[in-house]
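Counting from 0, one number per residue, gives the positions in the sequence shown under numbering that gives the first Met the number 0. Right, one structure below, let's go through it.
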Amino acid sequence: MLEPQTPVAPHPDIAHLAPLLGTWRGRGQGEYPTIESFEYLEEVEFGHVGRPFLTYRQRTRSADGSRPMHAETGYLRALPDDRIELILAHPTGITEICEGTLVADGAGLRLELDSTSIGRSSTAKSVTGLGRTLTLDGDTLSYTLRMAAVEQPLQHHLAATMQRAN
0 MLEPQTPVAP HPDIAHLAPL LGTWRGRGQG EYPTIESFEY LEEVEFGHVG RPFLTYRQRT
60 RSADGSRPMH AETGYLRALP DDRIELILAH PTGITEICEG TLVADGAGLR LELDSTSIGR
120 SSTAKSVTGL GRTLTLDGDT LSYTLRMAAV EQPLQHHLAA TMQRAN
């Protein structure tokens, strides 16, 4: 069994991502040509273990909170030259690797990510492209997600705005 550890400071290579650390909660909206538009509740958590990456956990519930909808888990890695990588696993049989850029401007961050690889199990929906824009402005985290799936081109799918919960 692992012993409890003393909290550690974020790795110096991800110090510029430290404003993301914590739990974020809010609401979002989704749309796509093949489905009815919907609203949802969302919680995102960024953590760290002292290594040069952030841990990432996301989950959504229906707008009334009555049922789970989606979840993702993975890692956000910072690279030299303000490049970043987001590596995720989805319970729907999809894995996602996105790469992009990070712009830090005083109190805010902007991450622009596009998929470079999408893995699918034999039962997963046909997703062929993903892109994400995350914007941190003070204690507000917002994002948009673009998706190419089920023979549709890359286009807007999700948008959410969350507030820092801790």
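We put the CB at the ideal spot given by N, CA and C, even for glycine.
Proximity to residue i [Cα-Cα], best of the options
i: D80; options: H155, S120, G105 and H15; result: H15
i: G107; options: L129, L140, A164 and V48; result: L140
i: G73; options: A62, I86, Y39 and D63; result: I86
i: M146; options: L133, A70 and S125; result: S125
i: P6; options: E30, L20 and V48; result: V48
i: G185; options: R56, E98, R60 and F45; result: Beyond the ends of the chain as shown, which are 0 and 165, falls residue 185; an answer cannot be given.
i: T54; options: V102, P32, L75 and Q162; result: L75
i: G99; options: G130, D63 and I117; result: G130
i: A70; options: P51, L40, L78 and D113; result: L40
i: D113; options: G105, L101 and T122; result: L101
i: V52; options: Y31, L78 and E38; result: In the sequence as displayed, the identity of residue 52 is Phe instead of Val. Nearest option by C-alpha distance: L78.
i: A123; options: A158, R58, E95 and E111; result: E95
i: G128; options: G137, I13, A62 and E150; result: E150
i: P11; options: P18, E42, R50 and P32; result: R50
Helix, strand or coil at residue i according to DSSP, with G and I counted as helix
i: L153; result: coil
i: D138; result: coil
i: H47; result: coil
Integer-rounded CB distance, given that residue j should sit under 8 Å from residue i
i: R119; j: I93; result: 6 Å
i: R163; j: G21; result: 6 Å
i: M161; j: G25; result: 3 Å
i: H156; j: E30; result: 7 Å
Residue environment, residue i, which counts as buried when at least 16 other CB atoms sit within 10 Å
i: E35; result: exposed
i: P67; result: exposed
i: P9; result: buried
i: G105; result: exposed
i: H89; result: buried
Counterpart residues of residue i in DSSP-defined beta bridges
i: H10; result: DSSP, once it has assigned bridges, lists no residue as partnering H10.
i: H69; result: T59
i: A104; result: Note on identity: in this sequence residue 104 is Asp, with Ala being the wrong assignment. Partner(s): G107.
i: L19; result: The partner list for L19 (beta bridge, DSSP) is empty, contrary to what the question assumes.
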